[in-house]
Each structure stands twice: as C-alpha cells, then as structure tokens.
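What follows is a set of notes on a single structure, which appears directly below.
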Amino acid sequence: MSVKRTRLIALCSGLLAVAGAVAVMPSASAGTTLRAAAAEKGRYFGTAVATSRLSDSAYASIINREFSSLVAENDMKWDATEPQQGRFSFTNGDRLVSHAQANGMTVRGHALLWHAQQPSWAQGLSGSALRSAAINHVTQVAAHFRGKIHSWDVVNEAFADGGGGGRRDSNLQRTGNDWIEAAFRAARAADPGAKLCYNDYNTDGVNAKSTGIYTMVRDFKSRGVPIDCVGFQSHLGTGIASDYQRNLQRFADLGVDVQITELDVAQGSNQANIYATVTRACIAVSRCNGITVWGVRDSDSWRRDENPLLFDSNGNKKQAYTAVLNELNAGGPSSPPPSPSPSTSTSSNPQPGGGCTATVSLNSWTGGFVATVKVTAGSAPVNGWTVTVSLPSGSAVTSAWSATNTGTTGSVAFRNVSYNGGIAAAGSTEFGFQGTGNGPAATPVCQAG
Ligand code: 9MR
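Read in order, the letters of the sequence shown are residues 628 to 1076 in the working numbering.
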C-alpha cells in the first residue's frame, strides 16, 4: 500500500470517528451551514445578537455564515427602545435590522411587553396610566419596525411558574387580565404583516404552565384575538421532556405557528443529544417555522458558566453544532406547507378610478378589524391619491397609518401622506386602518391626483 493511500485511509477513518459522534451522516446534497440546511427544510435558523458585538469580526463572520434570522438579545426591549416616556431610541434596533437585511436574514422582534427590563418610569406607573403607556409602546415600536419583522414577541413571560397554570403577578397584569389581548390588537394594527407571538420559558413539555398558555391561545383563537404564533424559549438543562414534540404539536393544532426562540442547553454528556432532539421536533412539526439559539459562542451567553451554545469561546463548532446540522440534513430536502399569513381574507378585483387601483386585505375578529390597503398606479405615475372605502353600518375607523382619513363611518376617504403620494408607473404603496365592527365588504375606489 502506498504512503499516499495509507494517509487517505487514516484521514477517512478520522472523519468517520467525528461523524460517529452523532447519529446521522449528512447526505450528498446536505447543507453545510445551519442556515442552508434549515432552508432546505423550509425553516430559518437564527441567533440572538448583541448589536454592539457586530463590530467583532469573528462574531459577525459566524453570524453571517450560519444564521438566517436575527433577534436582539436586549436592544429592542422596553428599557432600550423607550428609555424616557414618549422618547424612543431605535439606533441599535435599526442597526440589527440593517445587518439582517444586508445579509438576507429575517428578524424576530423581542419583546414588546415584559414584566422585566422595563424602564424605571414604567415601573413607577400603574392602572390606566400604565395600560395606556404600554399600549402606546407596542404601537410606536411595532409601527417603527413595520414591514421589517418576521415575528414579534408581543408579550413575554406572562405566566407563573409552579403548578397553578395562571398568570404571573406584575404591574402589567394588575392593569387587568385583558392586557395581553390589548397588546396583540395594538401590535396587529401597527404592523399587520408581522406574525404575532406569545413567548415563554419552562414550557418544554405538557405541564401546568404550558397548559395555562395553551388555554389562553385557544381562547384567543376562538374570540379572534390576533395571535399567530407561540415561542418556546427552551433554556434547557441536562435533560429534556419526553413530550417536547407533542407539546409543540398540540399548540400547532390550535392553528398557530410554533417557534423555538431562545434555545440553549447546559454543557454535559447530553448536550448534543438534546440539541438534536429539539431540532428533530421542530422539523417534525410542520408549523414549526424555525429555531433561534440564544447567542453564538459560549462566551457570548447569559449562561456562560454552562457553555450552552453551538460554538465554543474561540468560535469553533462544537459537537452540538454537528448534531443540529445533521438533524437538519436528515431525510433530505422538504418544506412545510406554507402557513397562512396573518391577513386572513383578501378582496381584490379593484375598480379603477383615475390612474390607480386599490385592493384591501382584511384581518377581522369579533368586534374589530385591521385593513391593509395596497394602492397601485396604472401605466402612468401617480402624484397624490385618494382611496374611498365603504364601511358597513355600525362600523367605524378608529385609527389609520400612512394615510389620513376624512370621516370615520359610511364612506371614508383616505388621502396619501407626504411621503407616499408619488407612485411610479405600475408601482404601489400601502396604508392601513383599524376599526370597530366589520371591515369593508366592497372593493375600494382609487382616485389619482
Ligand atoms: O440574555 C439576556 C441578558 O443579556 C439580559 O441581561 C437578561 C435581562 O433580563 O435577559 C436575557 O434574555 C432573556 C430574554 O430576554 C427572555 N427570556 C429569558 C432570557 C434569559 O434571561
């Protein structure tokens, strides 16, 4: 046997030894990064990011190579985005969004309302003052990032630990049990295109807490409260509930998407297996959109003593990384059936008027609706437009964005605002409005000029 051939065999058996540490050999067409392998399964693979660390090139190069979704670990929380009441700060959040867009990634928004990381001015409020400040926060932040967020954690960690399955006490909870649904409605009005999620931890199997959340989601769906997804944080120790996948599936069966939102797993002999189990569960549940790990390298983690991530502190791939990659690649490419977008009904076939047309997409619940209207220019550019919508009797417009309305009931005219009056030939723009009662049944009329 030649020296060359001996070397080749040694190299191959070395590779097999590495591969043998995990269950499945990648197939020939396998994705070689987390984002490529997840994409072949119709999923995203994301990470939490500290925006300030993006200037660390080792950090940024792992992110850009491996991940297709980013979430701000802290930079979009209430204390970061509204440090003083009514004064908003979006610099870091905007930077994260730009980085994602420049690298073909989507963004998870985290988190509009949470009992923790509130600015001190909010901690000092209660009752109706807190409720309206909280809803204003949801509206302003979701509106700022409108169109740029794949999924928002609208409410984070509102359920108590322990056996009761009830809500956690907090200043927000003390404003009334309906604070969660009020937040979801406000988020839908401000960004009708984002999936709206409820997000929590210790929900990694069928237990009292996850069942409390399940009951809330079922109630929201039955009453038309706009909820689209549930986030399972999955901060895991050295074991995992045997019914992890079954729990995801029971939520999916309610008609919401599910997402693994903050995955990290304590280092130990089981770490790679637990990562593999979570990945397998997400791939097995067709409404599981994707997985986000809560940081890049062990040294970036909020649990850094436990080395819970996929890359070691030097940025090397760990065994857990290979386990995840192999699970993503197992079984070859496939994609889940597309889940319905948040908007549930569309009326089209617009009536032309002047040089533009308009179509309306409606998201309705009992007693209210959000309408998103797309205004499209004809074969010539449009300089200014008015869209007239007929509301059924008993319905009324309560707010509008990217347009100003004349009237609130019956025939309501929406005029462009300064930045969206000009539309190129065959181009389009969008505006929206929220109302009580039922949305418009008839198609809107668009008048250019
Ligand atoms: O990882 C975040 C850490 O940097 C912050 O100091 C901490 C503050 O509460 O929040 C951590 O992220 C949390 C997330 O926002 C919600 N779920 C639990 C996460 C870990 O605590």
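Each residue gets a CB set at the ideal place from its N, CA and C atoms; glycine is no exception.
Next item on the list: Report the rounded CA-to-CA distance for Gln712 versus Phe1058, giving the unit in angstroms.
Entry: 27 Å
Next item on the list: Would you be able to state if there are at least three C-beta pairs under 8 Å between the stretch 1010–1024 and the stretch 882–894?
Entry: no
Item checked: Run of the beta strand (DSSP E) containing Asp884, from where it starts to where it stops -> Asp884 to Val892
Next item on the list: Assign Ser725 to one of two classes, buried (16 or more other C-beta atoms within 10 Å of its C-beta) or exposed (fewer than that).
Entry: exposed
Item checked: Three-way DSSP call (helix, strand, coil) for Gln728 in this model -> helix
Checklist line | Trp921 and Ala675 closer than 7 Å at C-beta | finding: yes
Margin query: In the DSSP output, which residue or residues are listed as bridge partners for Gln1074?
Written below: Thr1013
Checklist line | Boundaries of the beta strand (DSSP E) in which Ser778 is found, first to last residue | finding: Ser778 to Asn783
Next item on the list: Would you list, in sequence order, the uninterrupted alpha helix (DSSP H) runs of no fewer than 4 residues that lie entirely inside the stretch 692–738?
Entry: 705–708 and 718–729
Margin query: If I follow the unbroken beta strand (DSSP E) through Val917, where does it start and stop?
Written below: Note that residue 917 is Gly in the sequence shown, not Val. That run of the beta strand (DSSP E) goes Cys915 to Val920.
Next item on the list: Let me know the secondary structure DSSP gives Arg795 once reduced to three states.
Entry: coil
Check: CB-CB under 8 Å to Lys775, same chain, minus the five flanking residues each way: which ones, in chain order?
Finding: Val724, Gln728 and Val734
Next item on the list: Would you mind sorting Asp805 into buried or exposed? The rule is 16 or more other CB atoms within 10 Å of its CB.
Entry: exposed
Checklist line | Length of the line joining the Cα atoms of Asn953 and Ala785 | finding: 35 Å
Next item on the list: Rank Ile840, Ala1052 and Ser1038 by C-alpha distance to the C-alpha of Pro1067 and give the top, closest one.
Entry: Ser1038
Next item on the list: Please list, in chain order, all residues of the same chain as Val844 whose beta carbon is under 8 Å from its beta carbon, the five residues on each side excluded.
Entry: Tyr825, Ile854, Val857, Phe878, Leu881 and Val883
Check: Of the residues Asn1010, Ser1029, Val1016 and Asn1043, which one's Cα is nearest the Cα of Ala1078?
Finding: The requested residue 1078 is not part of the displayed model; the chain covers only 628 to 1076.
Next item on the list: Verify whether the separation of the beta carbon atoms of Val892 and Leu863 is less than 7 Å.
Entry: yes
Next item on the list: For the beta strand (DSSP E) holding Tyr1027, just list the boundary residues, first then last.
Entry: First, the amino acid is wrong: residue 1027 is Ala here, not Tyr. From DSSP, the beta strand (DSSP E) with Ala1027 extends over Ala1023 to Trp1028.
Note to self: On the DSSP bridge list, what partners appear for Val997?
What the structure shows: Asn990 and Gln1061
Item checked: Residue environment, Gly658, which counts as buried when at least 16 other CB atoms sit within 10 Å -> buried
Next item on the list: Within its chain, find whatever has a CB closer than 7 Å to the CB of Glu709; leave out the 5 residues flanking it on each side and keep chain order.
Entry: Phe715, Pro746 and His764
Next item on the list: From the DSSP output, read off the bridge partner residues of Gly858.
Entry: Asn826 and Gln886
Notebook entry, point to check: Is DSSP giving Gly820 helix, strand or coil here?
Noted result: coil
Next item on the list: For Arg801, name the three-state secondary structure that DSSP assigns.
Entry: helix
Check: Which residues does DSSP pair with Val1002 in a beta bridge?
Finding: Ala985 and Thr1056
Notebook entry, point to check: By DSSP, does Lys775 sit in helix, in strand, or in coil?
Noted result: coil
Next item on the list: Examine ligand 1 and report whether any of its heavy atoms sits within less than 6 Å of the Cβ of Trp829.
Entry: Residue identity check: residue 829 is Asn in the sequence provided, not Trp. It does not: the Cβ of Asn829 is nowhere closer than 6 Å to a heavy atom of ligand 1.
Note to self: So for Gly839, helix, strand or coil by DSSP?
What the structure shows: helix
Check: With respect to 6 Å, is the separation between the Cβ of Gln744 and the closest non-hydrogen atom of ligand 1 below this value?
Finding: yes
Checklist line | Lys944, DSSP secondary structure in three states | finding: strand
Note to self: Quick check on Ala817: buried or exposed, where buried means 16 or more other Cβ atoms within 10 Å of its Cβ?
What the structure shows: buried
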